[in-house]
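There are 2 protein chains.
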Amino acid sequence: MSELIERLGEGLPEDGVLTDPDVLRTYAHDMAGFCPAGAPAAVVLPRTVEEVQHTLRTAHAFRVPVVPQGARTGLSGAANAIDGCLVLSLVRMNRILEINPVDRVAVVEPGVVNATLSRAVNEQGLFYPPDPSSWEECTIGGNIGTASGGLCCVKYGVTAEYVLGLDVVLADGRLLSTGRRTAKGVAGYDLTRLFVGSEGSLGVVVRATLALKAEPPQQLALAAEFPSTDAACDAVCRIMEAGHTPALLELMDTTTVRAVNDMTKMGLPESTQALLLAAFDTPEPSGPLRAVGELCEAAGASQVVPAENAAESELLLQARRSALVALDQVKGTTMIDDVCVPRSRLAEMLRGTAAIAEKHGLTIGVCAHAGDGNTHPTVCFDASDEDESRRAHASFDEIMALGLELGGTITGEHGVGVLKKAWLAEELGPLALGLHRGIKQVFDPEGILNPGKVF
Amino acid sequence: MSELIERLGEGLPEDGVLTDPDVLRTYAHDMAGFCPAGAPAAVVLPRTVEEVQHTLRTAHAFRVPVVPQGARTGLSGAANAIDGCLVLSLVRMNRILEINPVDRVAVVEPGVVNATLSRAVNEQGLFYPPDPSSWEECTIGGNIGTASGGLCCVKYGVTAEYVLGLDVVLADGRLLSTGRRTAKGVAGYDLTRLFVGSEGSLGVVVRATLALKAEPPQQLALAAEFPSTDAACDAVCRIMEAGHTPALLELMDTTTVRAVNDMTKMGLPESTQALLLAAFDTPEPSGPLRAVGELCEAAGASQVVPAENAAESELLLQARRSALVALDQVKGTTMIDDVCVPRSRLAEMLRGTAAIAEKHGLTIGVCAHAGDGNTHPTVCFDASDEDESRRAHASFDEIMALGLELGGTITGEHGVGVLKKAWLAEELGPLALGLHRGIKQVFDPEGILNPGKVF
Numbered sequence: 008m009s010e011l012i013e014r015l016g017e018g019l020p021e022d023g024v025l026t027d028p029d030v031l032r033t034y035a036h037d038m039a040g041f042c043p044a045g046a047p048a049a050v051v052l053p054r055t056v057e058e059v060q061h062t063l064r065t066a067h068a069f070r071v072p073v074v075p076q077g078a079r080t081g082l083s084g085a086a087n088a089i090d091g092c093l094v095l096s097l098v099r100m101n102r103i104l105e106i107n108p109v110d111r112v113a114v115v116e117p118g119v120v121n122a123t124l125s126r127a128v129n130e131q132g133l134f135y136p137p138d139p140s141s142w143e144e145c146t147i148g149g150n151i152g153t154a155s156g157g158l159c160c161v162k163y164g165v166t167a168e169y170v171l172g173l174d175v176v177l178a179d180g181r182l183l184s185t186g187r188r189t190a191k192g193v194a195g196y197d198l199t200r201l202f203v204g205s206e207g208s209l210g211v212v213v214r215a216t217l218a219l220k221a222e223p224p225q226q227l228a229l230a231a232e233f234p235s236t237d238a239a240c241d242a243v244c245r246i247m248e249a250g251h252t253p254a255l256l257e258l259m260d261t262t263t264v265r266a267v268n269d270m271t272k273m274g275l276p277e278s279t280q281a282l283l284l285a286a287f288d289t290p291e292p293s294g295p296l297r298a299v300g301e302l303c304e305a306a307g308a309s310q311v312v313p314a315e316n317a318a319e320s321e322l323l324l325q326a327r328r329s330a331l332v333a334l335d336q337v338k339g340t341t342m343i344d345d346v347c348v349p350r351s352r353l354a355e356m357l358r359g360t361a362a363i364a365e366k367h368g369l370t371i372g373v374c375a376h377a378g379d380g381n382t383h384p385t386v387c388f389d390a391s392d393e394d395e396s397r398r399a400h401a402s403f404d405e406i407m408a409l410g411l412e413l414g415g416t417i418t419g420e421h422g423v424g425v426l427k428k429a430w431l432a433e434e435l436g437p438l439a440l441g442l443h444r445g446i447k448q449v450f451d452p453e454g455i456l457n458p459g460k461v462f
Numbered sequence: 008m009s010e011l012i013e014r015l016g017e018g019l020p021e022d023g024v025l026t027d028p029d030v031l032r033t034y035a036h037d038m039a040g041f042c043p044a045g046a047p048a049a050v051v052l053p054r055t056v057e058e059v060q061h062t063l064r065t066a067h068a069f070r071v072p073v074v075p076q077g078a079r080t081g082l083s084g085a086a087n088a089i090d091g092c093l094v095l096s097l098v099r100m101n102r103i104l105e106i107n108p109v110d111r112v113a114v115v116e117p118g119v120v121n122a123t124l125s126r127a128v129n130e131q132g133l134f135y136p137p138d139p140s141s142w143e144e145c146t147i148g149g150n151i152g153t154a155s156g157g158l159c160c161v162k163y164g165v166t167a168e169y170v171l172g173l174d175v176v177l178a179d180g181r182l183l184s185t186g187r188r189t190a191k192g193v194a195g196y197d198l199t200r201l202f203v204g205s206e207g208s209l210g211v212v213v214r215a216t217l218a219l220k221a222e223p224p225q226q227l228a229l230a231a232e233f234p235s236t237d238a239a240c241d242a243v244c245r246i247m248e249a250g251h252t253p254a255l256l257e258l259m260d261t262t263t264v265r266a267v268n269d270m271t272k273m274g275l276p277e278s279t280q281a282l283l284l285a286a287f288d289t290p291e292p293s294g295p296l297r298a299v300g301e302l303c304e305a306a307g308a309s310q311v312v313p314a315e316n317a318a319e320s321e322l323l324l325q326a327r328r329s330a331l332v333a334l335d336q337v338k339g340t341t342m343i344d345d346v347c348v349p350r351s352r353l354a355e356m357l358r359g360t361a362a363i364a365e366k367h368g369l370t371i372g373v374c375a376h377a378g379d380g381n382t383h384p385t386v387c388f389d390a391s392d393e394d395e396s397r398r399a400h401a402s403f404d405e406i407m408a409l410g411l412e413l414g415g416t417i418t419g420e421h422g423v424g425v426l427k428k429a430w431l432a433e434e435l436g437p438l439a440l441g442l443h444r445g446i447k448q449v450f451d452p453e454g455i456l457n458p459g460k461v462f
């Protein structure tokens, strides 16, 4: 047993430090394909803040890299192991410590699963909006690390907007409290927000105070079929320009619709080029739904089908939620991009993506949080075909280049990890990147926290 | 003419550098009383980004402190001059560069007045929520620097939530772009948010991309009279617990009500101990207003008076908006506190404030963004009375101590400036404060940007 493992054991129970190589391998990577993942020296599974502090203190003393990890549902390799690192899995710290309906806050440990929290607050008439596709598995800690989004964002924003305060264990094991549990507060620099989306590179979140909203009425959705993605994007622009605030506004192109049908047998309309889903969760959704339907028709929709009831609405959402898994089955392997453009440029983004697919002879299915301009062009390919793999990678990069050209960002909600590290430098430029390095140096001078990720 | 002024003149027009001591004096301080203000060496009034860069490059070369300034309506002395500094007033950079209803963004220069922007976006059916009391004068740059709030926050949040991206001139004159104009984006650390609320200590904002919302229907308000602040705070808790989302939820204690009546002759009810204003801006406000009225009655309201129409609602808001000015006239001088507590602790905060007032034999009027738990206990005193002044200062500090004790923050929306510097250290503790210093060092290694403010 190495000295490192021995020292870890001094502050952790026996089942809190795993070293079996077969077990370690299962903790090596998240759900992003094509990202390098090393072999950890150990996996640490703390149950308390003190155990996390002990782990960090030990790693700091040994100058061993630490990779914080949640449910490993991430899509950018941010949670991938590094050779010889400690994987610090927070999944056992999964207590909901408080739900307070008057203050509208929840206090949670990082390993709480998103859906568990969502359901627990629902029971008290409250609403925690962030809803990544992986919400049944992903953890709040992971959501905070990657600042993840979901379907709700067009109305309710991303995870970042719900994080009021954090307890964070720093690289050397000291415990920092940031932020507040009050509705407002401007005392000092916004350290809370600095940790959100930093992918574990600045500290390890061990507790979060989250803002909640009052639970809205159940949503009611409609589906609109369009003869072209251009027409569907035009509808998106008209809907937003007219001042509507849908609870979601999602787009699936024909490739995605077919993939979902193949997997789920849902019978979505395959003859259309783009399917738009819009939903409202206001007390009287039928008014805005009707108006949105008319705007879709004005933009050229061939058919507008309002859901009859909440159950039908939920079915439509399930179709959208299953899109990425369905696309995965088209050719066995996918690379999922996450480019967000100003919504006025959405049509150009989809047209450009189609051109890239055609140029490379590839299938690229696009589903999009259209109301946010956040597209997930998903390159479907056969990984055993070397040439197709090469073309898939090339198209993946070209899609990001196109996003930047249109005034967008290389990542709307999935994060940078290792997958997009080179592209982050492209997006930020040397001045901003230098400031990132400076900040990293302040929080983690020895560079042990998730090194080699983000930048 | 000093070498510094000469060098400034090389990159600025003649009217862009002021040195007349009488004029300089008028730029020496913001609206916070009791904060030291020095004598600037010059006031610089740039019209372009290049002129700001020239100013910073020059200041950097001469190691001269720079104090960025908007309309000087701040309440914490953050914009106060330092002896020998350059005051960098951004008020001439006041162009609205773009309003885009599809992307729901505005791009503005920092000197644009809040009300000017609000009205301009209203004309296009859009809504820029942040509405500090000084909205007719204060600038967007100042709002960003102090992360200011307003009446809207209980539903719409603070300025920070509307800043998508920034152009910032750094201490050495280099131009940094942060953030995005897309609805979402998680590329790298959130530098944008780091600048918001940093009170000009990390860089000078020269352009901002702001998120807009669709314009909501006009609000409808009600006023409820309570026999005690306890009962009013109980009503606030009941309203929030019941899941309502009012567009504002404001409280005025009897001292404030009397002061407003004295100034405006509005005839608000003086016999009650606390007046609560609630408003909704939903399509059908009468339903929730009725429910809120009933909750107020259940909490002990002696009377609930719904506004008959939008004009009556607006009058009620004007009463609330005039509170601080009215309290200023009670005894000639005020110290305005800005303590925010979890709303479940609001009653304790008001009770404790009353006890502090009684102990010191002082008049302390309280108005509060009650829905946020954000109170503005306003100490009214005669500055020519030395003993009363001493007691006023003591009570001001005790109010902050009470706020911290109740799990709150020393500043909900006014910022730290010089007024609350010592208290910030108290709230943050040495670890967080050390990280603040480290971040400051990364952005401004020579320490020329607004030194001596915040921390």
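Quick mapping for you: the protein sequence lines, in order, are chains A and B.
Convert by adding 7 to the 1-based position in the first sequence; the result is the number in the numbering used here.
Convert by adding 7 to the 1-based position in the second sequence; the result is the number in the numbering used here.
Built from N, CA and C at the ideal position, the CB exists for glycine as well.
In this structure, 258/B is the residue among 258/B, 10/B, 367/B with its C-alpha nearest to the C-alpha of residue 243/B. Between the C-alpha atoms of residue 47/B and residue 314/B there is a straight-line separation of about 49 Å.
Nearest to residue 184/B by C-alpha distance, out of 240/B, 202/B, 73/B, 167/B, is 202/B. For the set 284/B, 368/B, 283/B, 268/B, the Cα lying nearest the Cα of residue 277/B is the one of 268/B. The beta-carbon separation of residue 194/B and residue 423/A, rounded to 6 Å, stays under the 8 Å limit for a contact. Rounded to the nearest whole angstrom, the C-alpha separation of residue 240/B and residue 251/B is 15 Å.
Secondary structure note for residue 381/A: it is in no alpha helix (DSSP H), and the uninterrupted beta strand (DSSP E) holding it is 381–388.
By the Cβ neighbour-count rule, residue 437/B is exposed, with fewer than 16 other Cβ atoms within 10 Å of its own.
The alpha carbon of residue 42/A has as its nearest neighbour, out of 383/A, 428/A, 152/A, 179/A, the alpha carbon of 428/A. Residue 251/B reaches chain A at 221, counting residues in chain order whose Cβ is nearer than 8 Å. Residue pairing from DSSP places residue 184/A in a beta bridge opposite 174/A.
Taking a contact to require three or more Cβ pairs closer than 8 Å, the region 231–238 of chain A and the region 278–293 of chain A qualify as touching.
What residue 349/A touches in chain B, judged by beta-carbon distance under 7 Å, is 110, 188, 189, going in chain order. For secondary structure counted as the beta strand (DSSP E) over 3 or more consecutive residues, the region 200–273 of chain A holds these complete runs in sequence order: 211–218, 227–233, 255–260. Relative to the Cα of residue 425/B, the nearest Cα in the group 266/B, 36/B, 453/B belongs to 36/B. A straight line joining the alpha-carbon of residue 149/A with that of residue 431/A spans about 20 Å.
Against chain B, the CB of residue 153/A has a partner CB under 8 Å away; the residue lies at that interface. Among the residues of chain A, those whose CB is under 9 Å from the CB of residue 379/B are 189, 190, 191, following chain order. Assignment of beta-bridge partners to residue 133/A by DSSP yields 221/A.
In this structure, residue 156/A lies away from residue 222/A, with their beta-carbon atoms at least 8 Å apart.
The C-alpha of residue 129/B is placed about 23 Å away from the C-alpha of residue 213/B. In the three-state reduction of the DSSP assignment, residue 376/B falls in the strand class. Residue 162/B sits buried, since 16 or more C-beta atoms from the chains shown fall within 10 Å of its C-beta. In this structure the region 436–452 of chain B does not touch the region 404–421 of chain B; the number of beta carbon pairs closer than 8 Å is below three. Under the 8 Å criterion on CB atoms, residue 181/A is classed as interfacial with respect to chain B. It is roughly 44 Å from the alpha-carbon of residue 209/A to the alpha-carbon of residue 398/B. When DSSP assignments are scanned along the region 55–114 of chain A, the uninterrupted stretches of alpha helix (DSSP H) that are 4 or more residues long and fall wholly within it turn out to be 56–69. Three or more Cβ pairs closer than 8 Å define a contact, and the region 337–350 of chain B meets that threshold against the region 367–380 of chain B. Residues of chain B whose Cβ lies closer than 9 Å to the Cβ of residue 168/A are, in chain order, 164, 168. Looking at the DSSP output, residue 313/A shares a beta bridge with 229/A. Interface annotation, residue 247/A: in contact with chain B, CB-CB separation under 8 Å. No Cβ of chain A is located within less than 8 Å of the beta carbon of residue 302/B. Counting C-beta atoms within 10 angstroms of its own C-beta, residue 197/A has 16 or more neighbours from the protein chains shown and is therefore classed as buried. Note that the C-beta distance between residue 124/A and residue 114/A is not below 8 Å.
Residues of chain A whose Cβ lies closer than 7 Å to the Cβ of residue 333/B do not exist; the shortest such Cβ separation is about 23 Å.
Judged by DSSP in its simplified three-state form, residue 38/A adopts coil rather than helix or strand.
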